[in-house]
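K.L.:
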Amino acid sequence: MALVADQPNRPLRECDAPRCGRIFIADNPRQRWCSKACGNRVRVARHASRHRHI
132 MALVADQPNR
142 PLRECDAPRC
152 GRIFIADNPR
162 QRWCSKACGN
172 RVRVARHASR
182 HRHI
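First residue of the sequence shown? That's 132 in the numbering used here, and the numbers climb one at a time after it.
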């Protein structure tokens, strides 16, 4: 809890990646994912779903 108390102006957020659910301290207002890996996983899945051949 000391880490949270040291960062009063930075909000806590839940990662937007499916099946992640980690809580993180946002570095900027637009940050959506807890890590670059989570963000990349979401973007790759979105790209694959758009370009999937049936």
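Beta carbons are placed, not taken as given, at the ideal position from N, Cα and C, and that holds for glycine.
#1: Compute the Euclidean distance between the alpha carbons of H182 and V173, then round it to the nearest angstrom.
#2: Starting from the C-beta of S171, find all residues in its chain whose C-beta is less than 8 Å away, skip the five residues before and the five after it, and write them out in chain order.
#3: So for R144, helix, strand or coil by DSSP?
#4: In terms of residues, what are the limits of the alpha helix (DSSP H) holding C169?
#5: Expressed to the nearest angstrom, what Euclidean distance is found between the alpha-carbon atoms of V175 and R144?
P.N.:
Taking the coordinates as given:
#1: Start at 1 with the first residue of the sequence shown, and residue 182 comes out as number 51. Start at 1 with the first residue of the sequence shown, and residue 173 comes out as number 42. Near 14 Å, if we compare the C-alpha coordinates of V173 and H182.
#2: In the sequence shown, the residue the question calls residue 171 occupies position 40. Looking at the sequence itself, residue 171 is Asn, so the reference to Ser does not match. No residues qualify anywhere along the chain.
#3: Taking the sequence shown and counting its residues from 1, one reaches residue 144 at position 13. Of the three classes helix, strand and coil, the one that applies to R144 here is strand, per DSSP.
#4: Counting from one through the sequence shown, the residue named residue 169 turns up at place 38. Note, C169: alpha helix (DSSP H), K167 to R181.
#5: Here residue 175 corresponds to residue number 44 of the sequence shown, with the count starting at 1. Here residue 144 corresponds to residue number 13 of the sequence shown, with the count starting at 1. Using only the alpha carbons, I get a separation of about 22 Å.
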